[in-house]
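Residue numbers (our numbering), protein chains in the order written: chain V, 848 to 1111; chain F, 10 to 163. Built from N, CA and C at the ideal position, the CB exists for glycine as well. Just so it is clear, the structure is predicted and the values come from calculations on it, not from any experiment.
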Amino acid sequence: VSELLDVCLRIGDDALITAQRLAEWSAAAPDLEEDIALSNIALDQLGVARMMLTYAGEIEGVGADGRSASSRAARDEDALAFLREDREYRNCLLVELPNAGPAAGPHAPLDFGVTIARLLFVSTYQHLLYRSLLDSSDERLRDVAAKARKESAYHEDHATQWTIRLGDGTDESHRRMQAAVDDLWPYTHELFTGTAPAGIAPDPGSLRPAWLETVDDVLTVATLRRPEDGWAPSGGRAGRHTEHLSYLLAEMQVLHRAHPGSAW
Amino acid sequence: VVTPESAYAAAAAVADPELRAVTIEDLGILRSVSQGTDGRVTVTITPTYSGCPAMEAIRSDVVDALSRAGFVEVDVITALSPAWTTDMITPAGLEKLEAAGIAAPGPVLLQIGVRCVHCGSSRTEELSRFCSTACKALWRCRDCGEPFERVKPL
């Protein structure tokens, strides 16, 4: 049960934090169409997060004997999203990095290149993961994946088009897109680390060859250079995050913590 | 008269909150309506997109509609499987969308040209894959120059 719970938290937290970062572009994107596009993608991600966290809460409330444990009441999606500490989050580091880039200061402006490079890396991974989950032995994961797979194909396509347009664009757009790819590349390794319960979810490492092939093709068309593999920061899957997640959660959780259970 | 048929009819007549021209039945998101021996009605709906913000509004609209039709005890549940696809929009729904100036998606596996809903020209182009709702894309006609929305194939 705890292994399945971990799978749900990984998928749900990746989606939730991705949604939160994308939402920073609402009313701040380069043009109206892009504003709407990124907000729509954020909404899809939030939808997956809600389904996965709801499921995680149900699993948590079931004891080892398969019956609901009264001593440990199940947490709902809101409790999991708004009342967990950063150490309890299981998302990868890549999704929590600021839109300004991993090394940016606290008030650095949003960088569209960073957002697009991350979306390319994350949505390509999610698309492969959801496709693989169609064969999961867990019915609930299969159902969520069947919906999310088609949506993630749109996300991947959107990021691919922008990566090509910016990479193979002007000298300035090429320079900034390459810088974003270089800065984020080390963090992509964590997507393929760790283990997963056999039959329920794919072994993370097994997704990397197909991911690399797809991303490599996009980078080539975009006239971008694939960075060398080297430094590979990780820890997110075990709850050891960058300080950026703490600030993100502070903003995301403040209202719920200040006014528990309020609705409008 | 309060019957399982009238319960279905009441639920089926609920308009989609974002695509007002079509009902939730037209859109293919109303899965089933059943009534238990205790009279309690269970309505099953499915989301178009995972994060569709209209689901809460649909849920409350269904409860309202059934209550007006005489059903007090109503549960609205969400089913994910089989995942919604634009192929589930009924023929009547496709016609109503077109009449409302929203281009219909067409079969998912067949990427055919999109006709302008204003002048009928097939010289159209996609401006953005994303639009005012999760389920639509933004298009423009290259003949009459007008923009229009299209329910995108999913």
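Taken in chain order, the complete beta strand (DSSP E) segments of 3 or more residues contained in the segment 59-102 of chain F are 83-87.
Among the residues facing chain F, N887(V) is included, as its CB has a counterpart in that chain under 8 Å away.
Only residues of its own chain outside the window of five on either side were considered, and among them C150, D152, C153 have a CB closer than 7 Å to the CB of C128(F), listed in chain order. In terms of beta-carbon proximity, V854(V) stays away from the interface with chain F, with every pair separated by 8 Å or more. Contact of A995(V) with chain F is assigned, a C-beta pair being separated by under 8 Å.
Minimum Cα-Cα distance from E158(F) among the listed residues A113(F), S130(F), L103(F) corresponds to A113(F). Below the 9 Å Cβ cutoff, chain F contributes no neighbours of E850(V), its closest Cβ being approximately 22 Å away.
Between P956(V) and H1091(V), the C-beta gap is not smaller than 8 Å, which leaves the two residues out of contact. Residue range 39-44 is occupied by the beta strand (DSSP E) that includes L39(F). Residues of the segment 45-73 of chain F whose Cβ lies closer than 8 Å to any Cβ of chain V, in chain order: P56, Y58, S59, G60, C61, P62. With fewer than 16 other Cβ atoms from the protein chains shown falling within 10 Å of its own Cβ, V1068(V) counts as exposed. By the criterion of at least three beta-carbon pairs nearer than 8 Å, the segment 1006-1020 of chain V is not in contact with the segment 919-928 of chain V. Per DSSP, reduced to three states, the secondary structure at L147(F) is strand. Residue-level contact by beta carbon fails for F157(F) and chain V, as no gap is shorter than 8 Å. Annotation: Cβ neighbours of L893(V) in chain F (cutoff 7 Å, chain order): G60. The C-beta of Y972(V) comes no closer than 8 Å to any C-beta of chain F. When the beta-carbon positions are compared, G60(F) and G894(V) come within less than 8 Å of each other.
Counting along the chain, L136(F) sits inside the beta strand (DSSP E) bounded by residues 133-137. Counting only Cβ-Cβ distances below 7 Å, A1048(V) has no contacts in chain F at all, with the closest Cβ about 17 Å away.
Only those residues of the segment 92-110 of chain F whose C-beta falls short of 7 Å from the nearest C-beta of chain V are listed: A92. For F157(F), the enclosing beta strand (DSSP E) starts and ends at 156-160. Taken through DSSP and simplified to helix, strand or coil, T962(V) comes out as helix. When C-beta distances to chain V are compared with 8 Å, the residues of the segment 127-141 of chain F below that value are L136, S137, R138, F139, C140, S141, in chain order.
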